[in-house]
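The structure appears right after this line, and notes come after that.
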Amino acid sequence: MKVISSKAHGVMDYIIGIALVAAPWLFQFARGGAETWVPVILGIVVIVMALFTDYELGVFKITPMSTHLWIDGVLGVFLLLSPWIFGFWGFVLWPHVIVGILMAGVSLMTETTTVHIRVT
330 MKVISSKAHG VMDYIIGIAL VAAPWLFQFA RGGAETWVPV ILGIVVIVMA LFTDYELGVF
390 KITPMSTHLW IDGVLGVFLL LSPWIFGFWG FVLWPHVIVG ILMAGVSLMT ETTTVHIRVT
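Residue 416 in the working numbering sits at position 87 of the sequence shown, and the numbers go up by one each step.
Shown next as structure tokens:
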């Protein structure tokens, strides 16, 4: 069931993107390795992708919403698995796992249609 509007998803994109960039320092797991740079890079990707998505909060409106959601899902699964992929699961685990599950879940629950209001 798709219960999240594309506009609400847009708000979440910007919030999650900023939170991912700040997370290593907010939650004090910044050591300069993959545990730090995976969320920072993914946060930047989420923000840039939001800017280029064809939805209410997109600026350039190039990427279709369905493509955006597919990429969000892939990024979420990658973030979820990153502690094991890069071997930092013994140092930090839960921020990556929780936000990864959130990203993947939100991508599955978001409407693919957007509302475009034309001002004349």
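Note that the Cβ used here is the ideal one computed from N, Cα and C, for glycine as well. Note that the structure is a prediction, hence the values are computed from the model and not measured.
Which listed residue (GLY346, THR382, PRO393) has its alpha carbon closest to that of ILE370: The count along the sequence shown starts at 1 and reaches residue 370 at position 41. When C-alpha distances from ILE370 are compared across GLY346, THR382, PRO393, the shortest belongs to GLY346.
Touch test, the segment 417-430 against the segment 347-367, Cβ-Cβ under 8 angstroms, three pairs minimum: Judged by pairs of C-beta atoms under 8 angstroms, the segment 417-430 touches the segment 347-367, as three or more such pairs exist.
DSSP three-state assignment for ILE333, whether helix, strand or coil: Here residue 333 refers to the residue found at position 4 of the sequence shown. Strand, per DSSP.
One or two residues paired with THR392 in a DSSP bridge: As a working mapping, residue 392 is identified with position 63 in the sequence shown. Under DSSP, the beta-bridge partners assigned to THR392 are THR382.
CB contact check: GLY429 to chain B, cutoff 8 angstroms: Protein chains in the displayed structure number just one, and chain B is not present.
Rounded C-alpha distance that separates ILE376 from MET432: Translated into the one-based positions of the sequence shown, residue 376 becomes position 47. Translated into the one-based positions of the sequence shown, residue 432 becomes position 103. A direct Cα-Cα distance of roughly 13 angstroms separates ILE376 from MET432.
Local Cβ density within 10 Å of LEU404, reported as buried at 16 or more and exposed below that: For the purposes of this step, residue 404 is taken as residue 75 along the sequence shown, with counting starting at 1. Buried.
Same chain, Cβ closer than 8 angstroms to SER335, neighbours up to 5 away in sequence not counted: To locate residue 335, count along the sequence shown from 1; it is residue 6. The beta carbon of SER335 sits closer than 8 angstroms to the beta carbons of TYR384, GLU385, MET394, THR439, GLU440, THR441, THR442, THR443, VAL444 from its chain, once the five residues preceding and following it are set aside; these are given in chain order.
Among TRP423, PRO424, VAL426, THR396, the one whose alpha carbon lies nearest that of SER436: Here residue 436 is taken as the residue at index 107 of the sequence shown, counted from 1. Nearest Cα to SER436 within the set TRP423, PRO424, VAL426, THR396: THR396.
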